[in-house]
Amino acid sequence: MLIYTLKRLLQAIPTLLIVITISFFLMRVAPGGPFDGERQLPPEIEANLMAAYHLDEPLPMQYLRYMGNLLQGDFGPSFKYKDFSVTELIMQGFPVSLEIGGLAILLALIVGLPLGIAAALKRNSTIDYLVMGTALTGIAVPNFVIAPIFALVFGVLLGWLPAGGWNGGALPNLVLPVVALSIQQIAYIARMMRASMIEVLGSHFIRTARAKGLNEGEVIWRHAIRPALLPVMSYLGPAIAGIITGSVVIEQIFGIPGIGRYFVQGALNRDYTLVMGTVVFYGVLIVLMNLIVDLLYSALDPQIRYDD
Amino acid sequence: MTKTTVRKLLVIAGCAILTLTPPMAVADIEGGKQILRRANGAEPSSLDPQLMTGTWESAIISDLFEGLLTRDAGGSSIPGVAESWHISDDGLHYTFHLRGDAKWSDGTPLTADDFVYAWRRILSPERAAPYAYMLYPILNARAYNQGEQPADALGVEASDDHTLSVTLARPTGYFLEMLSHASTYPVPRTAIEQYGSDWTKPGHMISNGAFELTEWISHDHIAAVKNPDFHDAANVALDEVRFLPIDDGRAALNRFRAGEVDMTSSVPTDRIEWARENLPDALHETPTLATFYFAFNQRPGSVLDDLRIREALNLAVRRDIITTKITRLNQPLAYSLVPTAISNYDGPEFDFAQEPTDERLAEAKALMQDAGYSPDHPLHLTIDYITNQDTKRIPVAMAAMWKPLGVEVTLTNSDAAVYYSKLRQGDFQIGMAPWNADYNDASNFLDLFRTGVPNNHSGYSNADYDAMMERASNELDLDKRAQLMADAEGILLDDYAMLPLYFYIRPALVSPSLSGWEESPMDDHLSRWMYFKDAE
């Protein structure tokens, strides 16, 4: 198991290198630069800026400089948020995104899994249609519709919860963004769990278990749910990485100081270092999450072993 | 579960919900403290006055720092750190007498040397300050910024602790007006030398304005408390100001309605009519010093190098329809480049401004025909704009207005970075070019059309215009200078050098319980003038 983990981590290094290299050059070939704004700067000031950020050097040289700094854990200064280094920005925003995203995933599992299981057990019943209908709506209605409606209804009209703001992560400020962020995940998880549960319930070992005379509760709890969780698990790896690196929509609408907006704003501002920082961070997170999921697989499914 | 248990649970749930209810507007005055919460556009890119670029940064920095001059609640320039000043007869030498009680927030005195340090710092090539060019009127400023002169060649020196002498490269009518711009503020040498680029962080920053920085959580909030060492602290009513970087206009509106912020810096276009009806006491629609115009690429060889076409396109645009039906802000219609609200200036406008629509359209058609275009033989033009649903509607409307002239328009959108890079490379035909004044002077707009200057996107070049602007620059008499600039603008308009649409109206929401907020044409609102009535 340990060897397997180490092997996987080592394999991740070339993957990340490729991701970093491609992102670096893609970012630089994109038209427009970090200093192209409403105010065109006098050429001498632009020259000063290019020199200050080493953008006047040849591209391969810039790449080597970036990789050199990266190896020392230095993501460089943000082009746009000049008073912060990229590391500072990520470190300040990540705990916030982690909290919101983690809670949203937790909520999605707590609500989504039982719904999916119930729908599978009561296939083609009213419960099933209700759950699947709601799930479909949850998937179809995007965040940028749900979030402002939540803010308007619960924040402005009813006045039950704050319409926005982080407030150091106070409970009332968490409710709306977490719920808004989890709705789509609840829908995905419920649908996935239902499908996988139906498949498992039709398999031979379940028939065997029933034939052995186990009662239905035991069949479902002991034998069906664990294998049925596998597809959900493999979905969760990238989903968790995605959701805890933030959501630009939720962050903008509720004023959450997470890192989600850095992906979008960084790219729009041509903030090269910030984009690279978030790409590396996201890449590492994806690798880790997938590894954790694979390791959990063996815990759920006795057929999967990593003993080499 | 019995009925009573269910009822108990419901009561508990109800109480839980009630405790979650957010504090409403009364939070402004927490425990007798006056706290102002400002929804402030976007996250500042820097709190270093020498690195800032946008109006939302300027709002924070102007609360933290004060320049030689500052602005009153209505946006007019008033003495700041400088108590008085003297200008030599040739307009080249300025002597500023600094107030004796000017201090930094750590209690140390603020001296003329601090300005010398600050201005050398912003102009040093290594600093790479985007707004360094604001100080170019000072002797040798440009050469020093280009690395061609040493720092001590800069025309600024401290004659003594409270006297600052500034020598300009040439008379600059707007020099005083410029001195309330953030790029000219003093910066704290001790903090900068001690903390380097980290000097703007809470705990490190020393400032000289009405407030001092206490908290900065990126993308969350910036808090500043009243600075007891500020020279006018006795008249500052607010104890604390919190700036919330809310870049989504609808989110800002929601939070204003929920009582979570006391003022916003914008209102979404599609909510203006709603706000007029439902928040009439809070909504302010202020004309500001900014022009929304389209640049014509008129470099030699471009089809828009033809004066007739530029005139026809200008004639056929119904500006009233755009401001009433599309932007819905009823902005003042622009028939000139310089906003009518600019101080000490009375400029010309297009000849056709007062003509009825039919006549304009007939004239436009005749001009196009003369240039060889008609609906049967159309002229194909491209309008470039920044990707945004709100802005897209304007070029769409213009395309429809030009269709009867025989103009077929293709719309091309790109993100801001690509758009501005196309503009600067002259890789466009017609492109939107909004301009916000840096200081209240007509030259800030008219300089945009001098030959070869950085923001002259259209490649406009007219020797008469350049000569007239040059004469205006060197003119010391303010009235004569204004007249020369007006003559220059006349040339620009005769050339139909651009297509102005409207002058900006800045809508904002201000809590009716907040006093001291006044409409300001520069759209700057220093918190030091504001207070909550209820606390009195």
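Chains A and B, in that order, are what the protein sequence lines are.
Under this note's numbering, the first residue of the first sequence is numbered 245, with each subsequent residue one higher.
Under this note's numbering, the first residue of the second sequence is numbered 1193, with each subsequent residue one higher.
All C-beta atoms, glycine included, are put in the ideal place defined by N, C-alpha and C.
Identify the contact partners of residue i in chain B, using a Cβ-Cβ distance below 9 Å as the criterion.
i      : result
A:K251 : Within chain B, no residue comes near A:K251; the closest Cβ sits about 38 Å away, beyond 9 Å.
A:F269 : Near A:F269 there are no residues of chain B at all, since even the closest Cβ is about 17 Å away, more than 9 Å.
With distance defined between alpha-carbon atoms, name the residue in the options nearest to residue i.
i       : options                               : result
B:I1252 : B:T1574, B:P1713, B:T1392 and B:V1530 : B:T1392
A:G278  : A:G510, A:L544, A:K366 and A:I361     : This sequence places Pro at residue 278 of chain A; Gly is not what is there. It is A:G510 whose Cα lies nearest to the Cα of A:P278.
B:G1266 : B:M1714, B:M1677 and B:A1320          : B:M1714
B:F1367 : B:A1450, B:R1434, B:G1259 and B:P1437 : B:G1259
B:S1316 : A:P275, A:A296 and A:G276             : A:A296
A:V508  : B:L1228, B:G1223 and B:A1608          : B:A1608
B:F1403 : B:G1233, B:I1414 and B:S1494          : B:I1414
B:A1487 : B:D1619, B:H1285 and B:R1263          : B:D1619
A:D300  : A:Q316, A:G312, A:R272 and A:F319     : A:R272
B:F1307 : B:P1378, B:R1663 and B:Y1325          : B:P1378
A:P286  : B:E1318, B:G1623, B:A1234 and B:Y1325 : B:Y1325
A:P339  : A:A352, A:G490, A:S426 and A:V400     : A:G490
B:R1585 : B:L1597, B:N1605 and B:E1681          : B:N1605
B:V1601 : B:M1244, B:I1227, B:L1573 and B:T1359 : B:L1573
If we ignore side chains and look at the alpha-carbon of each, how far apart do residue i and residue j end up?
i       : j       : result
A:Y516  : A:V263  : 15 Å
B:D1353 : A:H298  : 39 Å
A:V524  : A:I433  : 27 Å
B:L1718 : B:N1628 : 18 Å
A:F269  : A:I334  : 22 Å
B:K1418 : A:L246  : 57 Å
B:F1641 : B:Q1490 : 12 Å
A:P406  : B:K1595 : 49 Å
B:E1667 : B:N1332 : 20 Å
A:M520  : A:I257  : 16 Å
B:T1247 : A:L420  : 31 Å
B:Q1386 : B:P1646 : 36 Å
A:G502  : A:Q428  : 19 Å
B:A1361 : A:L425  : 58 Å
A:F398  : B:R1447 : 12 Å
For a contact defined as C-beta to C-beta under 7 Å, what are the partners of residue i on chain B?
i      : result
A:V400 : N1446, R1449 and A1450
Give the interface partners of residue i over in chain A, defined as CB-CB distance under 9 Å, in chain order.
i       : result
B:T1574 : The premise fails here: B:T1574 is roughly 16 Å from chain A at the closest Cβ pair, so nothing lies under 9 Å.
B:R1468 : Correct list: empty, because the minimum Cβ distance to chain A is about 18 Å.
B:R1616 : D280 and Q284
Run through chain B and tell me which residues come within less than 8 Å of residue i, C-beta to C-beta.
i      : result
A:I497 : D1440, R1442 and A1443
A:Y469 : In the sequence under discussion, the amino acid at residue 469 of chain A is Ile, which differs from the Tyr named in the question. Within chain B, no residue comes near A:I469; the closest Cβ sits about 27 Å away, beyond 8 Å.
Does chain A have any CB closer than 8 Å to the CB of residue i?
i       : result
B:Q1338 : yes
B:A1374 : no
B:D1454 : no
B:T1392 : yes
B:S1703 : no
B:A1533 : no
B:I1314 : no
B:S1398 : With the sequence shown as reference, residue 1398 of chain B is identified as Ile, and Ser is not the correct amino acid for it. Not closer than 8 Å to any Cβ of chain A, the Cβ of B:I1398 fails to qualify, so no.
B:A1415 : no
B:A1609 : yes
B:S1238 : yes
How would you list, in chain order, the residues of chain A whose beta-carbon sits under 7 Å from the beta-carbon of residue i?
i       : result
B:D1412 : W410 and P501
B:S1613 : P275, G276, G277 and D280
B:R1463 : In chain order: nothing, as chain A lies at least about 11 Å away.
Tell me whether residue i counts as near the ligand NAP, meaning its Cβ is closer than 7 Å to at least one heavy atom of that ligand.
i      : result
A:V400 : Questions concerning the ligand NAP fall outside what the structure shown contains, since it holds no ligand whatsoever.
So which residues of chain A does residue i contact, with C-beta pairs closer than 8 Å?
i       : result
B:V1509 : Residues of chain A passing the Cβ test: none, with the nearest at roughly 22 Å.
Please check if any C-beta of chain B sits within less than 8 Å of the C-beta of residue i.
i      : result
A:A439 : no
A:L293 : yes
A:P339 : no
A:I289 : yes
A:Q428 : no
A:F507 : no
A:F328 : yes
A:H431 : Sequence inspection shows Ala at residue 431 of chain A; the His mentioned does not correspond to that position. No, no contact with chain B.
A:Q316 : no
Taking CB distances under 8 Å as the criterion, tell me whether residue i reaches chain D.
i       : result
B:E1432 : You won't find chain D in this structure, because its protein chains are A and B.
What alpha helix (DSSP H) runs, 4 residues minimum, are completely inside the segment 1494-1557 of chain B? 1499-1508
Unbroken stretches of the alpha helix (DSSP H), 4 residues or longer, contained in the segment 1303-1391 of chain B: 1304-1315, 1333-1337, 1367-1370 and 1381-1387
Of all the alpha helix (DSSP H) runs that stay within the bounds of the segment 345-422 of chain A, which reach a length of 4 or more residues? 370-384 and 387-394
At what residue ranges does the segment 294-340 of chain A contain a whole run of the beta strand (DSSP E), taking only runs of 3 or more? none
If you scan the segment 1423-1489 of chain B from start to end, which runs of the alpha helix (DSSP H) of 4 or more residues do you find wholly inside it? 1441-1449 and 1464-1470
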